[in-house]
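Residue numbers (the UniProt record's numbering): 1 to 170.
Ideal placement from N, C-alpha and C gives every residue a C-beta, glycine not left out.
Down below is the structure, laid out as structure tokens.
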Amino acid sequence: MELHTPRAKRPGEDIFGLIMLVLAMGLFWQSWKIAGFSALSSPGAFPMAASFTMVIAAAIVVIGNARNTAARDGEPILPGRVILFAALITLYALLIQPLGFLPASLLFLFVGMKLLYRGGWIAALVISALSLALIYILFRIVFQVVLPEGIVPEGQWISAIRDMLNGGNT
């Protein structure tokens, strides 16, 4: 007696599982090369444990895919939405240096939100702006990651805010 009905595999699922298994095995090999398995406290112990877990998980997926013969018919391997997002990510990568982190990320988040979210333009813009503010505060202010400045003089803004907080004494 089966506990659940098998779901139909999507196109490319078998290949993707095999690619994940090969990559996980490669990661395991690389982590083994760090220090071998000389002790639980060796530098390669955690990477080996993580990559071994990835190998096991990928193997389970590959075996499950091999046992499941039900496939979906007529569905493309790369749906239009996937291709559109790949193009959006490529555009983001091309624009982040000339425009800077803030405008390029706002544009990326807004367009992505508009494609995925069925709400209106204002809601998508507000959610994108709030998400960007949270990301910016976390990475630029808390973790102090230097982000591409581009057309927005954020470095000057941060200096001005620091000056105001310090009472004008720098």
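Asked: Any contact of the segment 80–88 with the segment 118–128, i.e. 3+ C-beta pairs under 8 Å?; Found: no
Asked: When the Cα atoms are used, what is the spatial distance from LEU132 to PRO153?; Found: 16 Å
Asked: According to DSSP, what are the bridge partners of LYS9?; Found: ALA71
Asked: Give me the Cβ distance between LEU99 and ILE151, rounded to the nearest whole Å; I'm assuming they're in contact under 8 Å.; Found: 6 Å
Asked: Figure out for me which residue from PHE46, GLY155, ASN65 and ILE135 has the closest Cα to the Cα of LYS9.; Found: ASN65
Asked: Taking Cβ positions, are residue 187 and PHE110 nearer each other than 9 Å?; Found: Lying before the first or after the last residue shown, residue 187 is absent from the chain, which here runs from 1 to 170.
Asked: Using the C-alpha atoms, what's the distance from ALA49 back to SER38?; Found: 13 Å
Asked: Any idea what DSSP makes of PHE143, helix, strand or coil?; Found: coil
Asked: Please confirm whether ALA58 and GLY17 have their CB atoms less than 9 Å apart.; Found: yes
Asked: Whole angstroms is fine: what's the gap from ARG162's alpha carbon to ASP14's?; Found: 54 Å
Asked: Could you give the C-beta distance for LEU27 and SER51, rounded to a whole number, given that I count them as a contact under 8 Å?; Found: 4 Å
Asked: May I ask which residues mark the beginning and end of the alpha helix (DSSP H) holding VAL152?; Found: Unbroken run through VAL152: none, as it is neither H nor E.
Asked: Secondary structure at TYR117, three-state DSSP: helix, strand or coil?; Found: coil
Asked: To the nearest angstrom, how far is it from the Cα of LEU125 to the Cα of ILE83?; Found: 23 Å
Asked: Could you tell me the alpha carbon to alpha carbon distance between ARG7 and ALA71, rounded to whole angstroms?; Found: 8 Å
Asked: Just to confirm the assignment, what range does the alpha helix (DSSP H) spanning ILE89 have?; Found: 80–99
Asked: Between the alpha carbons of TRP29 and ASN68, how many angstroms are there, rounded?; Found: 29 Å
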